[in-house]
Amino acid sequence: MATENLTLLIFSETVHLHQWRGSHLVAEYAFDSVDQGRQQLATIIESTPMIPLSVVVDTANEELQTRLIPRVIGRSRGQLQQRTLLQTFPTMEYRTFVSQGTVTDQRRNEKLLVMAITQDEILNQWLTVLDELGVMVQQVTTASMVLAQIARRFRWSDQYELIVYRHFDGGLRQLFQNQGDAQLSRLSNRPADSSDLAQQFKEEATNTRQYLNNSKSIPREANLTVRILHREQLGTQLSAELASLDQVQLELVDINSITKKLSLTITPQQTRADHLVSWFAASFPQKLPNFAPGKVGERFRQLIAGRWLTRAAVVATASMLVWSATELFAAWEIASRADDERGLVSTWQQLEQNALADAIPTDTAPLVMKQATELVQQINGQRRFPDQGLALVSAALTNDPNLQLRKVEWAAPGAELHYYKRPNYPSPGGVDQYGNYTDPESVQAEAAKETLFVELQIEPFNGDFQSALVKAESTARSIAGLTGVIDVEMVSSPLNVDSESAFSEEISTSSSDGDSPPEAIFQLVVTLESDGFARGPVL
Amino acid sequence: MIQLTLDRRRPMGKALFNSGIMVITGLIIMLIAWQLKHSLAAQELAYQRQMDQLRDQVAHIRRDREWTLAYQPGYTRMVNQGLIGEERRLEWRAVIIELAERLKLPELKMTFSPKTEFNPPTDNADQAAADSQVTGYQSEMALELSLFHGADLLSLLDTLDRSRSAILMPLRCRMALQEEPLYLDASARIDSHCDLQWITVKPSPPLDNYGFY
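If you're matching them up, the sequences are chains A and B in order. Take 1 as the starting number for the first sequence in this note's numbering and just add one per residue. Take 1 as the starting number for the second sequence in this note's numbering and just add one per residue.
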């Protein structure tokens, strides 16, 4: 869709409104007075709201002045430019400037083209109307500035160039450029008599050359390129008439050919130079100097800001819609999964009903029954009874009738013997007398075994303790050799004459009836393999 | 200075109005989409939880059935025998006296200690105690007897073990010969002492929320 633009061309006597849709001139309206224009403009604006309008002033000469200012950068540059503009045209309401680059003399300066619209009565009237109608004025510019832009577009950049076209009011609009920089803008009056148009061009070109020479804008010997925008039928006549001018290089530019190059759709019979100016002003407003004070373009700036706001809102809304679409897609997936899971729930509910139907009612929780059974089984596995241990030792003593069992004690794993307590029972873990670490597990393992304390007496005993010791040791060895016996320790021998301890004995070699006969008693501690003696289960 | 106003006749106002409508519409759609997804996700989560619960319940019911089939006969038998439940000290006493009379033991002395909890050693006793719904109890008994023969003690222990109203765990038994073997008299010749554990099992009462019975 092509962009629509409006251009209001203000001439001295009439005002034209061009309605452009892209490069197509949709409509052209001519207003003879402000009052007439107000009504028509209201109707047009009502049918085409929110279309920006460019105002092109083409009523008189414009003030073009060149200023050199120190080249600075940053915020100071803008302040300096504005101050220069204000100093140059302190009373003008419509003024602006264009930077024409940097010139280097003794110092680097910036060259400013400072401009103002000197005759602004008609412009003020129309801007008031536009403001009342709520039209969005995007800029106010001049025909000469648009013409300079057209020249830049078509690379008309000879050193001294005078561009001329016939004004709508009958005069000639002239723009002089020095190496592409505008220096002079003139609008000649319509000739009093209806003289030949070619002759009018010749006279104005001659006068302007004279003026430029006098103002030293161009050297007298320099060639001036005169570029005339004309209609096709005037070309031959202009060539013949202007050929006699000295130091003039004539360039004739057919307006229709430019129209074709730009693909503008304008009825050929109606095509004028101001159509080109109007289209350029409407299509490239950002390249043209804007003479409008701040309040004039407020609506347009609001429109632009509103457009950006709308674009941002569109982007944000589109992002939200995309996000929503992904969320909805995810929701669709979740919904489909939820349907499957609902079916599974029904299946599991049926399974639960079947399981409940098969359940066996009990007074006691099955877990309690299981744990109680396992606890009983665990305790059963730890039970030990003394019968097997005692039977083991008794069997070893059966073959020796001289050994009498005086005391016996059996202790379950983990329980201590009362008849015999180890004098130096090793603590669980630690360092022994040689500085080596003892293994706590081995000590605990020994304590966890069944133990059997046995006190035996050799009867009859003839007093030979050496033979008694031999018998005691052989008894210990025979018990140690039995299956299920881990260790046998003689904790007390028939006569304790240990070299490590003191020993004292009073012996009467003359026997008497009152003396008690000597006894040979020894004690053994037997450690049994507990695993082999587990009691049967209770159940 | 651009004045932000909602006057729709002004370009900025119109842009603000249109942008607001667009953004609000987008937000509403986004909110609806989010709410829809959130509610469906919650519904799906509810289904998953319900399914997990049902799966656990079915597994629980099946497991209970298996345990009932496996353990109920033995458990019922232990309850009937008295192994599970309250202690039957009078029954144990009667059995001991009956045995002593049958073995013609002249005197005996039995001393019961108060009942205490009994926790058999396991790899993780604390965790086992926390998870267990049954508790073992022990009552220690010091039994002193005068015997004619050492085998009488073993016979006594064996008979007590067959009573099945508790798990009998002897801790230690000692016997000492008091008279010469050739001493001929009707009195007993062997003093014996046994420390016994009578172990019973009882279901634990359920714990409250604070971990107390």
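Ideal placement from N, C-alpha and C gives every residue a C-beta, glycine not left out. In this text, all values refer to a predicted model and were calculated from it rather than measured experimentally.
- Close to lysine 37(B), with beta-carbon spacing below 8 angstroms, are these residues of chain A in chain order: Glu327, Leu328, Ala330, Ala331, Ile334.
- Straight through space, the alpha carbons of alanine 273(A) and aspartate 169(A) are spaced by roughly 12 angstroms.
- In this structure aspartate 131(B) is exposed. Its beta-carbon is surrounded by fewer than 16 other beta-carbon atoms within 10 angstroms.
- Within the region 301-313 of chain A, Arg301, Gln302, Leu303, Ala305, Gly306, Arg307, Leu309, Thr310, Ala312, Ala313 place their CB atoms closer than 8 angstroms to a CB of chain B, listed in sequence order.
- The beta carbons of leucine 392(A) and glycine 484(A) sit about 6 angstroms from each other, so the pair counts as a contact at 8 angstroms.
- The three-state secondary structure of proline 289(A), taken from DSSP, is coil.
- Using a Cβ-Cβ cut-off of 7 angstroms, valine 368(A) is close to Gln133, Val134, Pro203 of chain B, given in chain order.
- DSSP places tryptophan 198(B) in no alpha helix (DSSP H) but in the uninterrupted beta strand (DSSP E) bounded by 190-203.
- Lysine 370(A) and phenylalanine 453(A) have their alpha carbons spaced roughly 39 angstroms apart.
- Inside the region 299-387 of chain A, DSSP marks whole alpha helix (DSSP H) runs of 4 or more residues at positions 366-381, from first to last along the chain.
- Of the candidates Ala42(B), Leu153(B), Phe112(B), the residue whose Cα lies closest to the Cα of arginine 89(B) is Phe112(B).
- The criterion of a C-beta distance shorter than 9 angstroms is not satisfied by glutamine 197(B) and glutamate 144(B).
- Taken atom to atom, the span from the alpha-carbon of leucine 86(A) to that of proline 70(A) is near 16 angstroms.
- Chain order gives no chain B residues near aspartate 400(A), where near means a beta carbon separation below 8 angstroms; the closest approach is about 14 angstroms.
- In the assembly as shown, aspartate 340(A) is an exposed residue. Its beta-carbon has fewer than 16 other beta-carbons within 10 Å.
- The bridge partners DSSP lists for leucine 40(B) come to none.
- 9 angstroms or more divides the Cβ of proline 494(A) from the Cβ of alanine 476(A).
- Restricting attention to beta strand (DSSP E) runs no shorter than 3 residues, the region 197-241 of chain A encloses them at 224-230, ordered along the chain.
- With a cut-off of 8 angstroms on Cβ pairs, the region 11-26 of chain A is not in contact with the region 102-116 of chain A, counting fewer than three such pairs.
- In this structure, leucine 242(A) keeps its C-beta atom at 9 angstroms or more from the C-beta atom of isoleucine 258(A).
- With respect to leucine 147(A), glutamate 110(A) sits apart: the two C-beta atoms are not nearer than 9 angstroms.
- Take valine 98(A), set aside five residues on each side of it, and the residues of its chain with a beta-carbon closer than 6 angstroms to its own are Leu113, Pro289, in chain order.
- Sequence-distant Cβ neighbours of lysine 287(A) in its own chain, meaning closer than 6 angstroms and more than five residues away, are Gln149.
- Between the alpha carbons of glycine 381(A) and serine 39(B) lies a gap of roughly 57 angstroms.
- In this structure, glutamine 247(A) sits near leucine 224(A), with a CB-CB distance shorter than 9 angstroms.
- When Gly74(A), Ile458(A), Phe280(A), Ile117(A) are compared, the shortest CA-CA separation from threonine 88(A) is found for Ile117(A).
- Apart from sequence neighbours up to five positions away, the residues of its chain that approach methionine 115(A) with a beta-carbon distance below 8 angstroms are Glu62, Glu63, Leu64, Gln65, Arg95, Thr96, Phe97, Val98, Thr142, Met145, Pro289, Phe291, ordered along the chain.
- Contact check between the region 352-363 of chain A and the region 47-66 of chain B: three or more CB pairs, one atom from each, fall below 8 angstroms, which counts as touching.
- At a cut-off of 9 angstroms between beta carbons, valine 526(A) makes no contact with chain B.
- Among the CB atoms of chain A, none fall inside 9 angstroms of the CB of valine 95(B).
- Residue state for alanine 182(A) is assigned as strand, using DSSP reduced to three classes.
- No Cβ of chain B is located within less than 9 angstroms of the beta carbon of alanine 472(A).
- Each residue's CA atom was taken as its position, placing lysine 216(A) and threonine 310(A) some 53 angstroms apart.
- If you ignore the 5 residues before and after glutamine 404(A), its C-beta comes within less than 6 angstroms of the C-beta of Gln457, Glu459, all in its own chain and listed in chain order.
- Nearest to lysine 295(A) by alpha-carbon distance, out of Gln139(A), Val408(A), Gln177(A), Arg227(A), is Gln139(A).
- Less than 9 angstroms separates the beta-carbon of isoleucine 167(B) from that of leucine 83(B).
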